[in-house]
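Engineer:
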Amino acid sequence: MPGKGTFAKGLHPPGRKGLAADAAIEVFPTPAQVKIPLLQHLGAPCAPLTKPRQPVVLGEKIGQNDAFISAPIHASISGTTAVLSAVTLPNGRRVRAIPIKAGEEQLSGKDLFRDVFGGDWPSSGLEQYAPEQIVSTVREAGLVGLGGAAFPTHVKLTRNDARPIDTLLVNGCECEPYLTADYRLMVECPSPILSGALLGARACGAKDVLIAIEDNKPLAVDTLSRAAKGTDVRVVELRTKYPQGSEKQTITAALGRTVPGGGLPLNVGVVVINAGTAAALAGAVLRDRPLTHRVVSVTGGGIVKPKNLLAPIGVSYRELIDYCGGLKPDAACVVAGGPMMGFTLGDLDAPITKGTSGVTVLTREDVARSIETDCIRCGRCV
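If you use the numbering used here, the sequence shown corresponds to residues 265 to 646, in order.
1) Does any heavy atom of the ligand SAM sit closer than 6 Å to the C-beta of residue 491?
2) Tell me the rounded alpha-carbon separation between residue 371 and residue 412.
3) Using 8 Å as the threshold, is the region 428-439 in touch with the region 504-519, meaning 3 or more CB pairs across them?
4) So, does the region 392-400 touch the region 591-607, judging by three or more C-beta pairs under 8 Å?
5) Thinking just about the alpha-carbon of each residue, which of 619, 549, 341, 470 is nearest to the one in residue 401?
6) Tell me which residues share the same chain as residue 329 and place their Cβ nearer than 7 Å to its Cβ, disregarding the 5 neighbours each side in the sequence.
7) Please classify residue 388 as buried or exposed, where buried requires at least 16 other C-beta atoms within 10 Å of its C-beta.
8) Name the residue from 321, 601, 538, 547 whose alpha carbon lies nearest to the alpha carbon of residue 561.
9) Taking 7 Å as the cut-off, decide whether the C-beta atoms of residue 304 and residue 617 are in contact.
10) Please classify residue 324: does DSSP put it in a helix, a strand, or coil?
11) Return the residue from the list 326, 378, 295 that minimises the CA-CA distance to residue 613.
12) From residue 320 to residue 496, what distance separates their C-alpha atoms?
13) Give the straight-line distance between the Cα atoms of residue 494 and residue 324, rounded to the nearest whole angstrom.
14) Using only alpha-carbon positions, find the residue among 588, 301, 586 that is nearest to residue 359.
15) Under 7 Å between the Cβ atoms of residue 579 and residue 347?
16) Within the continuous beta strand (DSSP E) that includes residue 477, where are the two ends?
17) Below 8 Å, how does it come out for the region 568-586 and the region 473-491: are there three or more Cβ pairs, yes or no?
18) What does the Cβ neighbour count give for residue 538, buried or exposed, with the cut at 16 atoms within 10 Å?
19) Which ranges does the alpha helix (DSSP H) cover as unbroken runs of at least 4 residues, wholly within the region 522-608, from first to last along the chain?
20) For residue 386, which residues of its own chain have a beta-carbon under 8 Å away from its beta-carbon, when the five flanking residues on both sides are left out?
21) Pick helix, strand or coil for residue 343, following the three-state DSSP scheme.
22) Beta carbon of residue 487, beta carbon of residue 456: below 7 Å?
23) What is the DSSP secondary structure of residue 429, reduced to helix, strand or coil?
24) What residues match up with residue 349 in a beta bridge as DSSP calls it?
25) Who does residue 498 pair with in a DSSP beta bridge?
26) With burial defined as no fewer than 16 other Cβ atoms inside 10 Å of the residue's Cβ, what is the status of residue 481: buried or exposed?
27) If distances are taken between C-alpha atoms only, which option among 491, 452, 418 comes closest to residue 285?
28) Could you give the first and the last residue of the continuous beta strand (DSSP E) run that contains residue 301?
29) So if DSSP puts residue 626 in a beta bridge, which residue, or which two residues, is it bridged to?
30) Going by DSSP in three states, residue 515 sits in which element: helix, strand or coil?
31) Quick check on residue 460: does DSSP put it in helix, strand or coil?
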């Protein structure tokens, strides 16, 4: 589609991404304890594979369910498990969790970042990986959509002869106000995103690979465009509008296709994955690395120092906030995610999950309610 794609209607809420847009990704120090929920995805919850007081190492599988729509859970730190506990997720659901108390030996922050995102990532020679092998590896790694929906990625990538896929679309729009986790990942680590996109396309049978980015992220567009030279990946720039990052709107804007009501992207031959998911996919297939960490934006007018953190799954929201300097005096509301699609947190000690893209701290001014009148906003008075 020539020019910058878009979709009908939409909103233009204040972006407020400048708070954390220039904050390079930092590795969050290993916490004293994590609590890893056994349900972090759409689908069947996992059953624990560990017993209390059992030693585990980073990346070890600790939860599993054999149902097709499910995703295994892995230890995000090395240490010793404790008795199963119950935690309340931001959406209000109570689920079981495996506590892990940190041991003395942990991977350093520098080594962890290099292992997750650093080094060389091939964009050629990937035909050595069979589609079935990629899907199996992705499942074992516990990959889910990192844009927030947390749908198991292996389900999306599994081929269906009745509905062939021709395009894999990497969603780098990140239209949610405040959040910049995907933006920083695209700017700092384009290579694993490209490798993951190509591997995902091979798995699902797509011939075309696109990365869609909103035009309010020119540095990300430029970085990925330069990284994609010499590959079959195309970077397309879309007009900034909310909810551009919703997969059906992304498909319309980037490809000019309309997903039917009640339908799915596969109905129009498309698989959509998030930019962070693509990077995690590359790590799973090329480095045998399960999903144990993710980039989280800790931002908003009510946080002392907004940051983008590579954090272990299961660390508490409170610890992330404290690491960023804590709450400002006028902080009024802590949101898991962004202000449009997130959930207000009732318990800061709740753990982050695979689908946690950000922590947004809003001020009293941000959440102030305006006085409602009987005005119907017809515009006649102006």
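Here a beta-carbon is modelled for each residue, glycine too, at the ideal position from N, C-alpha and C.
Structural biologist: Reading from the atomic positions:
1) In the structure shown, the ligand SAM is absent, as is every other ligand, since no ligand is present at all.
2) By 1-based counting over the sequence shown, the position of residue 371 is 107. By 1-based counting over the sequence shown, the position of residue 412 is 148. Distance between the alpha carbons of residue 371 and residue 412: 27 Å.
3) yes
4) no
5) Residue numbering aside, residue 401 sits at position 137 when the sequence shown is read from its first letter. Of the listed residues, the one whose Cα sits closest to residue 401 is 549.
6) Residue numbering aside, residue 329 sits at position 65 when the sequence shown is read from its first letter. Excluding sequence neighbours, residue 329 sits near 308, 309, 310, 311.
7) Locating residue 388 in the sequence shown gives position 124, counting from the first residue. Exposed.
8) Numbered from 1 along the sequence shown, position 297 holds the residue referred to as residue 561. The residue with the shortest Cα to Cα distance from residue 561 is 601.
9) Counting from 1 along the sequence shown, the entry for residue 304 is found at position 40. Counting from 1 along the sequence shown, the entry for residue 617 is found at position 353. The answer is yes: Cβ separation under 7 Å.
10) Locating residue 324 in the sequence shown gives position 60, counting from the first residue. DSSP places residue 324 in coil when its eight states are reduced to three.
11) Translated into positions along the sequence shown, residue 613 becomes position 349. Nearest option by C-alpha distance: 295.
12) The count along the sequence shown starts at 1 and reaches residue 320 at position 56. The count along the sequence shown starts at 1 and reaches residue 496 at position 232. Answer to the nearest angstrom: the Cα atoms are 41 Å apart.
13) As a working mapping, residue 494 is identified with position 230 in the sequence shown. As a working mapping, residue 324 is identified with position 60 in the sequence shown. Distance between the alpha carbons of residue 494 and residue 324 is about 37 Å.
14) Here residue 359 refers to the residue found at position 95 when the sequence shown is read from its first residue. Among 588, 301, 586, the Cα nearest to that of residue 359 belongs to 301.
15) As a position in the sequence shown, residue 579 is number 315, starting the count at 1. As a position in the sequence shown, residue 347 is number 83, starting the count at 1. No. Outside cutoff.
16) As a first step, residue 477 is located in the sequence shown; it is residue number 213 there, counting from the start. 472-478 is the extent of the beta strand (DSSP E) around residue 477.
17) no
18) In the sequence shown, residue 538 corresponds to position 274, counting from 1. Buried, since its Cβ has 16 or more Cβ neighbours within 10 Å.
19) 539-551, 581-587
20) By 1-based counting over the sequence shown, the position of residue 386 is 122. The answer, listed in chain order, is 459, 550.
21) Numbered from 1 along the sequence shown, position 79 holds the residue referred to as residue 343. Residue state, collapsed to three classes: strand.
22) Stepping through the sequence shown from its first residue, residue 487 is reached at position 223. Stepping through the sequence shown from its first residue, residue 456 is reached at position 192. Not in contact: residue 487 and residue 456 (Cβ atoms no closer than 7 Å).
23) Locating residue 429 in the sequence shown gives position 165, where the first residue counts as 1. Coil, per DSSP.
24) By 1-based counting over the sequence shown, the position of residue 349 is 85. 361, per the DSSP bridge assignment.
25) Here residue 498 refers to the residue found at position 234 of the sequence shown. According to DSSP, residue 498 bridges with 474.
26) Translated into positions along the sequence shown, residue 481 becomes position 217. Buried is the call here.
27) Against the sequence shown, residue 285 aligns to sequence position 21. When each option's Cα is compared against that of residue 285, the closest is 452.
28) Along the sequence shown, one-based indexing puts residue 301 at 37. Its beta strand (DSSP E) spans residues 297-301.
29) Counting from 1 along the sequence shown, the entry for residue 626 is found at position 362. According to DSSP, which records beta bridges pairwise, residue 626 is partnered with 597.
30) Against the sequence shown, residue 515 aligns to sequence position 251. In this structure, residue 515 counts as helix in the three-state DSSP scheme.
31) For this step, residue 460 is matched to residue 196 along the sequence shown. Correct three-state label for residue 460: helix.
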